[in-house]
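One structure is given here, and the rest of the page talks about it.
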Amino acid sequence: MNQIKTFNDRRLRLLSQMQKGVAIIATSPSRLRNRDAFYPYRFDSYFYYLTGFHEPEAVLAIIAGNGQGNAEQILFCREKDKEREIWDGFRYGPDAAREAYGFDAAYPIAKLDEWIPKLLENQPVVYSMFGQDAAWDARLINWINRVREQARSGVSAPSEIRDVRHILDEMRLFKSEEELSLMRHAAKISAGAHCRAMQKTRPGMYEYEIEAELLHEFRRLGAQAPAYSSIVAGGANACVLHYIENNAPLHSGDLLLIDAGCEFDGYAADITRTFPVDRKFTSVQKDVYQLVLSAQMAAIAAVQPGNTWDMPHQTALQVLAQGFIDLGLCQGSVDAVIQSEDYKRFYMHRTGHWLGLDVHDAGEYKLKGQWRCLSPGMALTVEPGCYIRPADNVPQHFWNIGVRIEDDVAVTSAGHEVLTVAAPKTIAEIEELTQ
Ligand code: GLY
Ligand code: MN
Ligand code: MN
Numbered sequence: 001m002n003q004i005k006t007f008n009d010r011r012l013r014l015l016s017q018m019q020k021g022v023a024i025i026a027t028s029p030s031r032l033r034n035r036d037a038f039y040p041y042r043f044d045s046y047f048y049y050l051t052g053f054h055e056p057e058a059v060l061a062i063i064a065g066n067g068q069g070n071a072e073q074i075l076f077c078r079e080k081d082k083e084r085e086i087w088d089g090f091r092y093g094p095d096a097a098r099e100a101y102g103f104d105a106a107y108p109i110a111k112l113d114e115w116i117p118k119l120l121e122n123q124p125v126v127y128s129m130f131g132q133d134a135a136w137d138a139r140l141i142n143w144i145n146r147v148r149e150q151a152r153s154g155v156s157a158p159s160e161i162r163d164v165r166h167i168l169d170e171m172r173l174f175k176s177e178e179e180l181s182l183m184r185h186a187a188k189i190s191a192g193a194h195c196r197a198m199q200k201t202r203p204g205m206y207e208y209e210i211e212a213e214l215l216h217e218f219r220r221l222g223a224q225a226p227a228y229s230s231i232v233a234g235g236a237n238a239c240v241l242h243y244i245e246n247n248a249p250l251h252s253g254d255l256l257l258i259d260a261g262c263e264f265d266g267y268a269a270d271i272t273r274t275f276p277v278d279r280k281f282t283s284v285q286k287d288v289y290q291l292v293l294s295a296q297m298a299a300i301a302a303v304q305p306g307n308t309w310d311m312p313h314q315t316a317l318q319v320l321a322q323g324f325i326d327l328g329l330c331q332g333s334v335d336a337v338i339q340s341e342d343y344k345r346f347y348m349h350r351t352g353h354w355l356g357l358d359v360h361d362a363g364e365y366k367l368k369g370q371w372r373c374l375s376p377g378m379a380l381t382v383e384p385g386c387y388i389r390p391a392d393n394v395p396q397h398f399w400n401i402g403v404r405i406e407d408d409v410a411v412t413s414a415g416h417e418v419l420t421v422a423a424p425k426t427i428a429e430i431e432e433l434t435q
């Protein structure tokens with residue numbers, strides 16, 4: 001893909017929506033873990049979306065022009081540093097970064113405090129991201145104050161501060177074909193990792209051994225990292241929604257729930273599969289699994305342009321509520337089970353979220369108080385589940401069964417595309433793969 005053009009087009013789209021003022025967008029800070037060891041670095045998704053630039057300590061400034069093509073796009077980044085590059089590796093430096101990434105100008109990040117107040121002079125609006133990083137918020141206010149201090153020389157400071165995410169969230173929600181192809185790739189690698197995990201699992205192994213198989217496959221195929229902490233949850237652990245300890249032994253007769261996806265070139269996959277540790281579903285596991293699968297397939301079928309965001313969730317709920325009644329877990333009619341929220345004893349989360357650069361990606365779910373409509377280019381997960389904890393009013397043979405099935409789906413003009421098709425999910429497919 002023409003990287004420069006892709007990112008430049010996004011900056012121009014942002015500019016056309018800003019119309020006036022200055023946008024200042026910083027990438028994520030590096031975080032010290034202890035002494036001189038840092039957490040693995042991950043750029044800020046908004047910054048990356050507009051620049052494609054991976055390095056830490058970088059800031060993008062976009063200055064709207066007067067409509068005469070005189071808008072400016074400036075990158076601030078680390079300077080070349082022969083000594084540091086021996087230790088930490090290559091860094092672009094402003095000149096090479098400007099050239100490689102197509103900015104109008106690039107300056108050393110150390111000059112930011114000098115430059116930003118100048119860029120803010122006589123500008124009506126400043127767009128940035130607030131509330132993510134207190135140090136950044138304080139810096140921004142300080143820059144604005146420095147412009148205010150010049151009031152007596154006739155310089156005016158921005159009178160409005162706006163959150164640039166209102167514009168960028170909406171842009172990020174609609175994926176381009178280039179983005180979808182990266183997401184397909186992340187999905188394919190992740191699906192392969194789930195297959196590997198299914199094939200390697202044996203009773204007596206530990207959850208972390210299976211986590212290692214996932215990581216092996218992610219990195220082997222070029223993914224940079226997991227997109228989120230992998231959940232590898234055997235037996236009762238599957239009923240802990242955010243279980244990430246992954247340190248328990250796997251027992252024959254239990255199910256193993258794995259929620260794991262990689263990040264490839266910035267884009268996340270998010271897949272959950274649930275399968276028997278010893279390769280054969282018991283009859284009650286089959287009943288619960290088949291119910292969740294039916295709910296998931298019905299919900300995926302509801303991913304259609306023109307349907308509201310909520311329709312896949314409501315569709316899954318209908319199927320699950322009926323299933324809970326059929327299994328004797330809930331009593332009464334489907335409507336009553338949904339109305340009373342009795343289903344929440346077994347299904348307490350929603351059926352999905354937007355997916356993209358972030359696993360829980362940018363984008364509003366409601367517009368003016370109404371669930372928004374699905375449109376081509378949106379990408380979301382579909383992930384119903386059923387989690388049955390021990391309880392007096394639940395027959396014991398259901399206890400500690402936790403099932404979730406999660407796929408990544410893109411809305412297309414004809415309906416939808418399941419990006420994660422390569423991860424088996426029918427009982428027959430799973431039993432065949434694990435033979
Ligand atoms: N893996 C996070 C989620 O499914 O939302
Ligand atoms: Mn998810
Ligand atoms: Mn997930």
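Just so you know, we're using my numbering here: the sequence shown kicks off at 1 and counts up by one. Cβ coordinates follow ideal geometry from the N, Cα and C atoms, glycine included. Given the structure is predicted, the values throughout are model-derived calculations rather than measurements.
Cα-Cα separation between residue i and residue j, rounded to whole angstroms
| i | j | result |
| --- | --- | --- |
| Cys121 | Gly65 | Here residue 121 turns out to be Glu, not Cys, going by the sequence shown. Roughly 13 Å between the two C-alpha positions. |
| Asp361 | Gln370 | 19 Å |
| Arg11 | Leu50 | 6 Å |
| Ala225 | Glu217 | 11 Å |
| Phe3 | Cys239 | The amino acid occupying residue 3 in the given sequence is Gln; Phe does not appear at that position. Using only the alpha carbons, I get a separation of about 43 Å. |
| Asp9 | Tyr48 | 13 Å |
| Ile144 | Pro158 | 7 Å |
| Glu383 | Leu419 | 14 Å |
| His416 | Gly352 | 15 Å |
| Met1 | Ser176 | With a pLDDT of 45 at Met1, under the threshold of 50, the modelled position of this residue cannot be trusted; read the value that follows with caution. In a straight line, the C-alpha of Met1 is about 12 Å away from that of Ser176. |
| Phe442 | Phe275 | Since the displayed the chain opens at 1 and closes at 435, residue 442 lies outside it and no answer follows. |
| Leu55 | Ser340 | As written in the sequence, residue 55 is Glu, which differs from the Leu given in the question. Cα to Cα, Glu55 sits roughly 51 Å from Ser340. |
| Glu406 | Thr381 | 7 Å |
| Lys425 | Leu293 | 8 Å |
| Gly204 | Val277 | 9 Å |
| Leu112 | Arg219 | 36 Å |
| Pro29 | Glu57 | 7 Å |
| Val411 | Thr315 | 17 Å |
Check whether residue i and residue j have beta carbons under 9 Å apart
| i | j | result |
| --- | --- | --- |
| Ile25 | Met129 | yes |
| Gly266 | Ala187 | no |
| Glu79 | Gly93 | yes |
| Arg202 | Ile430 | no |
| Ile388 | Gly402 | yes |
| Tyr107 | Leu75 | yes |
| Val409 | Ile271 | no |
| Cys386 | Leu317 | no |
| Leu374 | Thr308 | yes |
| Ala269 | Leu355 | yes |
| Ala223 | Ser252 | no |
| Ser153 | Pro305 | no |
| Pro117 | Val147 | yes |
| Leu256 | Val232 | yes |
Boundaries (first-last residue) of the alpha helix (DSSP H) holding residue i
| i | result |
| --- | --- |
| Phe324 | Met311 to Asp326 |
| Glu437 | Absent from the model: residue 437. The displayed extent of the chain is 1 to 435, so no value can be given. |
| Asn400 | Note, Asn400: premise wrong, no alpha helix (DSSP H); not H, not E. |
Continuous beta strand (DSSP E) stretch holding residue i: start and end
| i | result |
| --- | --- |
| Asp163 | Glu160 to Asp163 |
| Asp407 | Asp407 to Thr412 |
| Asp259 | Leu255 to Ala260 |
| Cys195 | Looking at the DSSP string, Cys195 is not in any beta strand (DSSP E); the run it does join, the alpha helix (DSSP H), is Glu177 to Lys200. |
| Glu417 | Gly415 to Val418 |
Beta-carbon separation (whole angstroms), residue i vs residue j, contact threshold 8 Å
| i | j | result |
| --- | --- | --- |
| Ala214 | Ala197 | Note on identity: in this sequence residue 214 is Leu, with Ala being the wrong assignment. That pair is a contact at about 6 Å. |
| Ile62 | Ala23 | 4 Å |
| Phe346 | Leu329 | 6 Å |
| Leu182 | Phe53 | Actually they do not touch by this definition, with Cβ atoms about 16 Å apart. |
| Gly234 | Ala248 | 6 Å |
Validate contact between the segment 16-24 and the segment 150-170 using beta carbons, cut 8 Å, 3 pairs: Look at the beta carbons and you see the segment 16-24 touching the segment 150-170: at least three pairs across the two are nearer than 8 Å.
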